[in-house]
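This report refers to the structure that appears directly beneath it.
There are 2 protein chains.
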Amino acid sequence: LERSVILVAGGSGARFGGPTPKQFLLLQGKPLLCWSIEAFYRYDPSLQIIVVLPRPNLDSWSVLCKAHRFHVPHELTAGGQERFHSVRNGMAHVPHNGLVAVHDGVRPLVSSALIERCFDHAGTHHTAIPVVPISSSVRQILGAGESTALLRSALRAVQTPQCFDAALLRSALELPYDASLTDEATLVERTGEKVHLVDGEERNIKVTSAQDLVLAEQLLAQ
Amino acid sequence: LERSVILVAGGSGARFGGPTPKQFLLLQGKPLLCWSIEAFYRYDPSLQIIVVLPRPNLDSWSVLCKAHRFHVPHELTAGGQERFHSVRNGMAHVPHNGLVAVHDGVRPLVSSALIERCFDHAGTHHTAIPVVPISSSVRQILGAGESTALLRSALRAVQTPQCFDAALLRSALELPYDASLTDEATLVERTGEKVHLVDGEERNIKVTSAQDLVLAEQLLAQ
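Heads up: the protein sequence lines correspond to chains Z and W, in order.
The opening position of the first sequence corresponds to residue 5 in this note's numbering, with each subsequent residue numbered one higher.
The opening position of the second sequence corresponds to residue 5 in this note's numbering, with each subsequent residue numbered one higher.
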């Protein structure tokens, strides 16, 4: 079965307050995005790796790759307005009807074991989404001044890589854009397909703040 | 209006894998619990401060206070089986029908502004619970193999201090223990009272892992 990963690195880094897009921030001296690409290359060097970057960052990415002597082969494409459009642009590079993983470019610590688990389960169940328990109590806003407690033990935080039958993801991306769908699992559910959950990893953090970067450094040091 | 805070520090520290209860771990050389107590003392030196500790830790706490020359006045009481029972033991020390805040002993970075906001809103609305947005996509398990996406923009992570009319919290604690209620807000809702939400603080983290401790050090350094 042919397999691809689309690494989505569309963020502008605005939350860091600095001019560096967060996928280019350095973790142990190497850009976050390099870590994420290497994680998939390490898992399977024959995997098709597609990286989606905002158009204004394409040039600096090639400069960064040279500076860091980063030679892992990958295809590059420009992102769109929202994540949905970026994934769609990435999918245009997938020529097969095998399996496709969509991964956050800023989750540098994903393990080969987790990538394998996601592809394996997607091979059987058509979808595979890694999830972890949620540590805090959660409430749901119902309306003005109204909210309700959710049963914490029934909640899961969603991670990536989210893996799908390529044909399934492709048809999900043909439906109209909806801003309330914050991951690919919810996109695919719109086609009527059931989402299959697998165990994620606590280490597989999304680096979206300077604090997360410090945490990632710590996790690597362990 | 008379006011008290119950600092709940019942955890055994098992998640750190070490013998030190997590509330005694050092943040910038000072036990976490000292930071939390000081935050409330700084807000209002006349506030009644009640600290609930597991019975086996009461002795080492007094040793720690001497070693760190920690002299902020507080009342001490032994915790119970679960958080519910610990809060109930703490409430037995509250002599008034004013306002009571319940705060995690391992949230050392709570600000005076947040404490004030919670007490103020509880004075008007009978309850005040600090909440912050949730950064990851969340799914809810419905049953075997079934789950559904929740609308992330409607979700909030719950923090402490959770503030209540003392009489309200007292009557909530008279109802039978239920393991599914993971915070005091859900306890109080059982009485029929509506829970009022206020803006929490990203900095107001709960330190429950060695990684959180590193993050707290970083937040303090900023």
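All C-beta atoms, glycine included, are put in the ideal place defined by N, C-alpha and C.
Query, Result
"Own chain partners of Leu-223 (chain Z) with C-beta closer than 8 Å, once the 5 adjacent residues on each side are dropped", "Leu-113, Arg-207, Ile-209"
"Interfacial residues, the stretch 103–120 of chain W to chain Z, with Cβ spacing under 8 Å", "none"
"Nonlocal neighbours in the same chain, by C-beta distance under 7 Å from Asn-61 (chain Z), ignoring five residues either side", "Pro-25"
"Supposed close pair Val-3 (chain W), Val-142 (chain W) - CB separation, criterion 8 Å", "Any question about residue 3 (chain W) goes unanswered here, given that chain W covers just 5 to 226."
"Integer Cβ distance of Leu-103 (chain W) from Leu-80 (chain W), believed to fall under 8 Å", "About 21 Å; that fails the 8 Å criterion."
"Length-filtered (3 minimum) beta strand (DSSP E) runs lying within the stretch 98–155 of chain Z", "103–108, 131–137, 142–147, 150–153"
"Endpoints, beta strand (DSSP E) assigned at Arg-46 (chain Z)", "That residue, Arg-46 (chain Z), is in no beta strand (DSSP E); its alpha helix (DSSP H) goes 36–47."
"CA nearest to the CA of Ile-138 (chain W), picked from W:Gly-204, W:Ala-82, W:Phe-44, W:Arg-174", "W:Gly-204"
"Option in Z:Glu-86, Z:Leu-31, Z:Val-98, Z:Arg-174 with minimal Cα separation from Ser-184 (chain Z)", "Z:Glu-86"
"Run of the alpha helix (DSSP H) containing Glu-221 (chain W), from where it starts to where it stops", "214–225"
"8 Å Cβ cutoff, Asp-169 (chain Z) in contact with chain W", "no"
"Arg-111 (chain W) versus Cys-122 (chain W) - alpha carbon distance", "15 Å"
"8 Å contact criterion, which Val-192 (chain Z) and Ala-176 (chain Z) should meet: CB distance rounded", "5 Å"
"Pick from Z:Ile-54, Z:Trp-65, Z:Val-67, Z:Arg-73 that is closest to Asn-93 (chain Z), judged by C-alpha positions", "Z:Ile-54"
"C-beta contact flag for Leu-37 (chain W) and Phe-44 (chain W) at 8 Å", "no"
"Contacts of Val-218 (chain W) in chain Z (Cβ-Cβ under 8 Å)", "Val-218, Leu-219, Gln-222"
"Val-76 (chain Z) Cβ short of 7 Å to the ligand SAM heavy atom set", "With respect to small molecules bound, the structure shown includes none, and the ligand SAM cannot be examined in it."
"Three-way DSSP call (helix, strand, coil) for Thr-190 (chain W) in this model", "helix"
"Residue span of the beta strand (DSSP E) that contains Arg-160 (chain W), given as start and end", "159–162"
"Beta bridge counterpart(s) of Arg-7 (chain Z) as assigned by DSSP", "Z:Leu-103"
"Cutoff 8 Å: Ala-18 (chain Z) Cβ touching any chain W Cβ", "Its pLDDT being 44, under 50, Ala-18 (chain Z) is placed unreliably in this model, and the coordinates cannot settle the point."
"Interface residues of chain Z facing Asp-187 (chain W) [CB-CB closer than 7 Å]", "Ser-141"
"Chain-ordered residues of the stretch 144–173 of chain W with a beta carbon less than 9 Å from chain Z", "Gln-144, Ile-145, Leu-146, Gly-149, Glu-150, Ser-151, Thr-152, Ala-153, Leu-154, Leu-155, Arg-156, Ser-157, Ala-158, Leu-159, Arg-160, Ala-161, Val-162, Gln-163"
"Under 8 Å between C-beta atoms of Ala-189 (chain W) and Ile-145 (chain W)", "no"
"Under the three-state DSSP convention, the category Phe-168 (chain Z) falls into", "strand"
"Assigned exposure category for Gly-196 (chain Z) - 16 Cβ within 10 Å defines buried", "exposed"
"Residue from Z:Phe-88, Z:His-100, Z:Gln-215 whose Cα sits closest to the Cα of Val-106 (chain Z)", "Z:Phe-88"
"Reference Ala-117 (chain W), options W:Ser-213, W:Gln-32, W:Pro-165, closest by Cα", "W:Pro-165"
"Length of the line joining the Cα atoms of Lys-126 (chain W) and His-200 (chain W)", "For the sequence presented, residue 126 (chain W) should be read as Ala rather than Lys. The straight-line gap from Cα to Cα measures roughly 8 Å."
"Gln-27 (chain W) - DSSP class collapsed to helix/strand/coil", "helix"
"Minimum Cβ-Cβ distance from Ile-138 (chain W) to chain Z less than 8 Å", "yes"
"Start and end residues, alpha helix (DSSP H) containing Leu-68 (chain Z)", "62–71"
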